[in-house]
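At position 82 of the sequence shown the residue is numbered 82 (the numbering used here), and the sequence of numbers has no breaks.
Each residue gets a CB set at the ideal place from its N, CA and C atoms; glycine is no exception.
These figures come from a predicted structure and were not determined experimentally.
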Amino acid sequence: MTEETVLFLGDSITQGGDWATWFPGVTTLNFGVAGNSSEDVLGRLDTVVEARPDEIVLLIGTNDLGMRRNVEQLVRNIQSILVDLRRDLLGSRMLVQSVLPRGREFADRIREANIHLRQFAPTVHAQYLDLWPTMALEDGELNPAYSDDRLHLNAAGYEAWLAELRPALERLRDEPPMSRPIQTIMFDEYARPGS
Numbered sequence: 001m002t003e004e005t006v007l008f009l010g011d012s013i014t015q016g017g018d019w020a021t022w023f024p025g026v027t028t029l030n031f032g033v034a035g036n037s038s039e040d041v042l043g044r045l046d047t048v049v050e051a052r053p054d055e056i057v058l059l060i061g062t063n064d065l066g067m068r069r070n071v072e073q074l075v076r077n078i079q080s081i082l083v084d085l086r087r088d089l090l091g092s093r094m095l096v097q098s099v100l101p102r103g104r105e106f107a108d109r110i111r112e113a114n115i116h117l118r119q120f121a122p123t124v125h126a127q128y129l130d131l132w133p134t135m136a137l138e139d140g141e142l143n144p145a146y147s148d149d150r151l152h153l154n155a156a157g158y159e160a161w162l163a164e165l166r167p168a169l170e171r172l173r174d175e176p177p178m179s180r181p182i183q184t185i186m187f188d189e190y191a192r193p194g195s
């Protein structure tokens, strides 16, 4: 039996992960690229598809907000990433993670984006992992114990993330892979608040 391949997709927060050490029982691929926005990830999905991973773990979006992109644009890009991956990698399991907290001035927009991502994930047969309760203070600030710059994770931040990610990946592996294409994907999730 061949080893599962897990592809970690995102920006510098993903790039900084020591995935091979943290997940020794699987083949890990680090597709984190520093500075990437959701648009950048959307533009390099061909390389993800070529890798044919069994599982895809996506964490993206904080750089979009740092670049002053609006929430709607961010959500639509992540929806497009998930739709394209589901279309091209039918049998891959997907885990989309909430946009991580950063400085409290970003909190309202991050919360809004995460509501839409949580609602959208099941429509493409992806699981959703909400990291907000673990990583954020009450006011929406990234817990300073987990970051030295209000954005990137330090060692304690990665440990806190892993404490949520490990069981989430176990749950993901319990899911049967997709066997047939999704017939219709509602793509106006953002336009239908509360749906």
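Alpha-carbon to alpha-carbon, residue j and residue i
i, j, result
"A160", "G32", "19 Å"
"Q79", "G157", "26 Å"
"G103", "N30", "26 Å"
"L142", "V99", "11 Å"
"R68", "D40", "15 Å"
"N154", "L90", "35 Å"
Presumed contact (8 Å Cβ cut-off) between residue i and residue j, rounded CB distance
i, j, result
"I81", "L131", "Actually they do not touch by this definition, with Cβ atoms about 18 Å apart."
"F8", "T14", "5 Å"
"M94", "L129", "Between L129 and M94 the Cβ distance is about 11 Å, and since that is not below 8 Å, they are no contact."
"R109", "V71", "5 Å"
"I56", "L85", "6 Å"
"L83", "V124", "The amino acid occupying residue 83 in the given sequence is Val; Leu does not appear at that position. Between V124 and V83 the Cβ distance is about 6 Å, and since that is below 8 Å, they are a contact."
"S92", "D54", "6 Å"
Beta-carbon proximity check, residue i vs residue j, cutoff 7 Å
i, j, result
"F106", "L151", "no"
"T47", "T27", "no"
"A136", "P101", "yes"
"S203", "G17", "Shown here, the chain extends from 1 to 195; a query on residue 203 therefore has no answer."
"L172", "Q127", "yes"
CB contact below 7 Å: residue i versus chain B
i, result
"M94", "Looking for chain B here will not work: only one protein chain is present."
Buried versus exposed call for residue i [16 or more other C-beta atoms within 10 Å across all chains shown]
i, result
"E3", "exposed"
"N21", "Going by the sequence as given, residue 21 is Thr instead of Asn. Classification of T21: exposed, given that the 10 Å Cβ count is below 16."
"R76", "buried"
"E144", "A small correction: the amino acid at residue 144 is Pro; Glu does not occupy that position in the sequence shown. Exposed, since its Cβ has fewer than 16 Cβ neighbours within 10 Å."
"A113", "buried"
Sheet register partners of residue i (DSSP bridge)
i, result
"V6", "T28 and E55"
"Q79", "Q79 is not bridged to any residue."
"A136", "L142"
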